[in-house]
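A.B. asks:
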Amino acid sequence: MKVIAGNFKSNLTRNASLQYLNALDSKLDSRICDNKQIYIFPSNTSLVQNNYKYITLGAQNCNDSNSGAFTGETSLLHLEEFDIDTILIGHSERRNLFFENDDICARKFNYFKNKNFRIFYCIGESLDVRKNNKYLQFLESQLKAIDTNYKNLIIAYEPIWAIGTGLNATLEQIGECVRYLRDISNAPIIYGGSVNENNSSDILKISDGVLVGSASLDVDKFYQIIKE
Ligand code: PGA
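The sequence shown runs contiguously to residue 222 in our numbering.
1) Confirm, please, whether the CB-CB distance from Ile(-2) to Gly203 is below 9 Å.
2) Just to confirm before moving on: does the CB-CB distance between Asn57 and Thr68 stay below 9 Å?
3) Give the single residue among Ile49, Asp28, Asp23 whose Cα lies nearest to the Cα of Ser11.
4) DSSP three-state label for Gly118, please.
5) Can you name the residues that DSSP bridges to Ile(-2)?
6) Rounded to whole angstroms, what is the Cα-Cα separation between Phe106 and Asp77?
7) Hey, would you say the C-beta of Gly52 is under 8 Å away from at least one heavy atom of ligand 1?
8) Select from Arg124, Lys47, Gln54 the residue whose C-alpha is nearest the C-alpha of Ser4.
9) Tell me whether the stretch 164 to 173 and the stretch 135 to 144 touch, counting them as touching only if at least three CB pairs, one residue from each stretch, are closer than 8 Å.
10) Compute the beta-carbon to beta-carbon distance between Trp155 and Leu161, rounded to the nearest angstrom, for a pair I have assumed lies under 8 Å.
11) Considering only the alpha carbon of each residue, which of Asp79, Gln31, Phe111, Pro153 lies closest to Asp122?
12) Closest by CA to Lys221, which one among Tyr129, Tyr185, Asn192?
13) CB-CB under 6 Å to Asn190, same chain, minus the five flanking residues each way: which ones, in chain order?
14) Note down the Cα distance separating Met(-5) from Lys199, rounded to an integer number of angstroms.
15) Measuring only the C-alpha atoms, how far is Tyr14 from Gln131?
16) Distance cutoff 9 Å, beta carbons only. Does Pro182 sit that close to anything in chain B?
17) Identify whether Leu22 lies in helix, strand or coil by the three-state DSSP scheme.
18) For Leu70, which of Lys125, Phe103, Asn143, Asp141 has the nearest alpha-carbon?
19) Quick one: what does DSSP say Gly169 is sitting in, helix, strand or coil?
20) Would the beta-carbon of Cys116 be found less than 8 Å away from any heavy atom of ligand 1?
21) Considering only C-alpha positions, which residue in the set Thr7, Lys125, Ile183 is nearest to Asn143?
22) Any heavy atom of ligand 1 closer than 8 Å to the CB of Leu205?
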């Protein structure tokens, strides 16, 4: 089983997202999707009922609360309205731009684990950590505070230096980290960081899936990645 996930980040309006989802879902069929799980994480204002035939919708972020006084946040109540039960936690942009440290990520993980969500938990080292050759220990430390045996966990290895830079990690670098993480957890280990329609099939041979940012914004490119 391979996981193919697209993260729209803060791109595409609600209209554009709906057009995209309808177009992609109608291009897909059971043969193309055989042995694959397809996920799209649109912006939270673009979430709709999670009842596409081949695509599962997920939230890029959510507050660890049912509802309440959390100005600007989306809460569980809002996801439940659309039957969304998949969430990204710990994306490096959340960690670096919005100061979500390991404690906050673990708190969110525990909250959504208790709600039985499918959790894509993102980890990845900076260029400095990679250069210091401490990246394997670093990845392990990012998983310390969460239950790596959780049955609905997917671990996304996304080296920060490869995200949105066009610089994807080599197959050797990806393979080393995937193997290391497989010793820590039985969860699927997927890779993200400048994945596109040209490199995805090789990456899928050595990992359990891909988390795609920029290349997922174009429905034809994302379809190509799924088809491969
Ligand atoms: P990218 O983003 O494919 O644009 O590098 C990946 C991600 O942030 O998940």
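Don't be surprised by glycine CBs; every beta carbon is placed ideally from N, CA and C.
C.D. replies: In brief:
1) Taking the sequence shown and counting its residues from 1, one reaches residue 203 at position 209. Taking the sequence shown and counting its residues from 1, one reaches residue -2 at position 4. Contact: yes.
2) Here residue 57 refers to the residue found at position 63 when the sequence shown is read from its first residue. Here residue 68 refers to the residue found at position 74 when the sequence shown is read from its first residue. Against a cut-off of 9 Å, the Cβ pair of Thr68 and Asn57 comes out as a contact.
3) Start at 1 with the first residue of the sequence shown, and residue 11 comes out as number 17. When only C-alpha atoms are compared, the closest one is Ile49.
4) Counting from one through the sequence shown, the residue named residue 118 turns up at place 124. Per DSSP, reduced to three states, the secondary structure at Gly118 is coil, with no helix or strand assignment.
5) Walking along the sequence shown from the start, residue -2 turns up at place 4. Checking the DSSP bridge columns, you'll see Ile(-2) partnered with Ile32, Val204.
6) Within the sequence shown, numbered from 1, the residue matching residue 106 stands at position 112. Within the sequence shown, numbered from 1, the residue matching residue 77 stands at position 83. C-alpha of Phe106 to C-alpha of Asp77: approximately 14 Å in a straight line.
7) Residue mapping note: residue 52 aligns to position 58 of the sequence shown, counting from 1. Distances between the C-beta of Gly52 and the heavy atoms of ligand 1 are all 8 Å or more.
8) For this step, residue 4 is matched to residue 10 along the sequence shown. Of Arg124, Lys47, Gln54, the residue nearest in Cα terms is Gln54.
9) No: the two stretches stay apart, fewer than three of their Cβ pairs being nearer than 8 Å.
10) For the purposes of this step, residue 155 is taken as the residue at position 161 of the sequence shown. For the purposes of this step, residue 161 is taken as the residue at position 167 of the sequence shown. Right, their Cβ atoms sit about 6 Å apart.
11) Stepping through the sequence shown from its first residue, residue 122 is reached at position 128. The residue with the shortest Cα to Cα distance from Asp122 is Pro153.
12) As a working mapping, residue 221 is identified with position 227 in the sequence shown. When Tyr129, Tyr185, Asn192 are compared, the shortest CA-CA separation from Lys221 is found for Asn192.
13) The residue labelled residue 190 in the question sits at position 196 within the sequence shown. Closer than 6 Å at the Cβ level, and outside the excluded window around Asn190, lie Ala209.
14) In the sequence shown, residue -5 corresponds to position 1, counting from 1. In the sequence shown, residue 199 corresponds to position 205, counting from 1. Rounded to whole angstroms, Met(-5) to Lys199 spans 11 Å at the Cα level.
15) Along the sequence shown, read from residue 1 onward, the residue named residue 14 stands at position 20. Along the sequence shown, read from residue 1 onward, the residue named residue 131 stands at position 137. Cα atoms of Tyr14 and Gln131: separation of roughly 39 Å, rounded to the nearest angstrom.
16) Within the model displayed, chain B is absent; a lone protein chain is all it includes.
17) As a working mapping, residue 22 is identified with position 28 in the sequence shown. Of the three classes helix, strand and coil, the one that applies to Leu22 here is coil, per DSSP.
18) By 1-based counting over the sequence shown, the position of residue 70 is 76. Leu70 has its Cα closest to that of Phe103, out of Lys125, Phe103, Asn143, Asp141.
19) Taking the sequence shown and counting its residues from 1, the one referred to as residue 169 is at position 175. Three-state result, Gly169: helix.
20) Sequence index remark: in the sequence shown, residue 116 carries index 122 (1-based). Taken from the Cβ of Cys116, at least one heavy atom of ligand 1 lies inside 8 Å.
21) For this step, residue 143 is matched to residue 149 along the sequence shown. If we check each option's Cα against that of Asn143, Ile183 comes out closest.
22) By 1-based counting over the sequence shown, the position of residue 205 is 211. Yes.
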